[in-house]
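Step one of this worksheet: look at the structure below.
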Amino acid sequence: MVSLRCNRRFSRRITQYSSAPFKAQTPRAFRMGINLIRKIKLTQLAMYQSLLAFCLLIFTSNLWAETNTTVTPSEPKPHIVITTTLGIIEVELATDKAPLTVRNFLQYADRNYYDGTIFHRVIQGFMIQAGGFDRKLSAFEPGQAVKNESVNGLLNLKGSIAMARSHDPDSAKAQFYINLKDNRSLDAKYGNPGYTVFGQVISGMDVVQSIATTKIEKTSHRFVHKPVEAIEIISIRRSLDP
Numbered sequence: 077m078v079s080l081r082c083n084r085r086f087s088r089r090i091t092q093y094s095s096a097p098f099k100a101q102t103p104r105a106f107r108m109g110i111n112l113i114r115k116i117k118l119t120q121l122a123m124y125q126s127l128l129a130f131c132l133l134i135f136t137s138n139l140w141a142e143t144n145t146t147v148t149p150s151e152p153k154p155h156i157v158i159t160t161t162l163g164i165i166e167v168e169l170a171t172d173k174a175p176l177t178v179r180n181f182l183q184y185a186d187r188n189y190y191d192g193t194i195f196h197r198v199i200q201g202f203m204i205q206a207g208g209f210d211r212k213l214s215a216f217e218p219g220q221a222v223k224n225e226s227v228n229g230l231l232n233l234k235g236s237i238a239m240a241r242s243h244d245p246d247s248a249k250a251q252f253y254i255n256l257k258d259n260r261s262l263d264a265k266y267g268n269p270g271y272t273v274f275g276q277v278i279s280g281m282d283v284v285q286s287i288a289t290t291k292i293e294k295t296s297h298r299f300v301h302k303p304v305e306a307i308e309i310i311s312i313r314r315s316l317d318p
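Per the working numbering, the sequence shown starts with residue 77, numbered consecutively.
Right under this line is the structure:
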């Protein structure tokens, strides 16, 4: 009988203990660890959510910028047409490399300054020069000189157009020349300011060569390489279709 009672009591205790809540069975340190893990997970989730929101914000901002940005095409370089008594020469002007020189040249062209001037200096195998005198060798009165822009990456190569000047680097006004060959000695280098190239012949090099091979004469110490038959610039105008 005693053994039976003891077994019943033990059985009840086992049953009561087994059916007790998990909290009552779990040590306090273990419960604290579980709660800490839960808090860490919640914190990580909040961080992930914030990171996701930030990424979405960056993505939508970039998308808005791409859809609302207007791409402006680069402005085409101006072309000029030099009409001479021997034919037409077309030149592309380098506004990006020699802006001051191009602006100065176009100001003369727009005022019809070059109309009636001649190629007064022609040296075969070197260059042809114009923009300062008329058929009677009367000097045209140019305006203010332009600052030298020879250090611009453009070289005195065949077909390039550049400004003539005196010994003063910043003395170029209206006179220009076209190179008949690569004249690297005219480029800026240490101790030599060089001559400003501001464009390139894109058509009419045959006309340039015709001017270069004309017969020349010496009329004075100033005009040593003047063509016998005057080669006149009828006009220099901006091209309507660069």
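Even for Gly, the Cβ is constructed at its ideal location relative to N, Cα and C.
Everything numeric in this text was worked out from a predicted model, so none of it was measured.
Endpoints, the alpha helix (DSSP H) within which residue i is located
i: Arg260; result: From DSSP, Arg260 is part of no alpha helix (DSSP H); its letter is neither H nor E.
i: Ser226; result: It is not in any alpha helix (DSSP H) - Ser226 carries neither H nor E in the DSSP assignment.
i: Ser286; result: 281–288
Proximity of residue i and residue j at Cβ, strictly below 8 Å
i: Asn259; j: Lys173; result: no
i: Ile199; j: His301; result: yes
i: Phe195; j: Ala238; result: no
i: Gln205; j: Ala240; result: yes
i: Val167; j: Gln276; result: yes
i: Gly280; j: Gly163; result: yes
i: Ser247; j: Ala221; result: yes
i: Asp191; j: Ile310; result: yes
Segment limits, beta strand (DSSP E) that includes residue i
i: Tyr189; result: Tyr189 -> no beta strand (DSSP E), and no H or E assigned at all.
i: Gly163; result: 163–169
i: Tyr266; result: That residue, Tyr266, is in no beta strand (DSSP E); it is neither H nor E in DSSP.
i: Phe209; result: Note, Phe209: premise wrong, no beta strand (DSSP E); not H, not E.
i: His301; result: Unbroken run through His301: none, as it is neither H nor E.
i: Ile158; result: 155–160
i: Ser315; result: Taken as a continuous stretch (DSSP letters only), Ser315 belongs to no beta strand (DSSP E), as it is neither H nor E.
Which listed residue (the options) has its alpha carbon closest to that of residue i
i: Asp210; options: Ser226, Glu305, Val178, Ser315; result: Glu305
i: Pro269; options: Ser261, Pro218, Thr289; result: Ser261
i: Ile307; options: Val283, Thr177, Glu168, Gln276; result: Val283
i: Ser236; options: Asp244, Leu176, Ile278, His243; result: Ile278
Exposure label - residue i; buried when at least 16 CB within 10 Å
i: Ala100; result: Unreliable positioning characterises Ala100 in this predicted model, as indicated by a pLDDT of 47, which lies under 50. The coordinate reading is nonetheless provided below. By the neighbour-count rule (16 or more Cβ atoms within 10 Å), Ala100 is not buried but exposed.
i: Asn232; result: buried
i: Ala264; result: buried
i: Gly208; result: buried
i: Ser226; result: buried
Close Cβ partners of residue i (< 6 Å) along its chain, the five nearest in sequence each way excluded
i: Lys234; result: Asn255, Lys257, Asp258
i: Pro218; result: Lys249, Ala250
i: Arg298; result: none
Other residues of its chain near residue i: CB distance less than 8 Å, five sequence neighbours each side excluded
i: Ala185; result: Ile156, Ile312, Arg313, Arg314
Own chain partners of residue i with C-beta closer than 7 Å, once the 5 adjacent residues on each side are dropped
i: Tyr253; result: Met203, Ile204, Gln205, Ala238, Ala240
i: Thr290; result: Val198, Pro303, Glu305, Ile307
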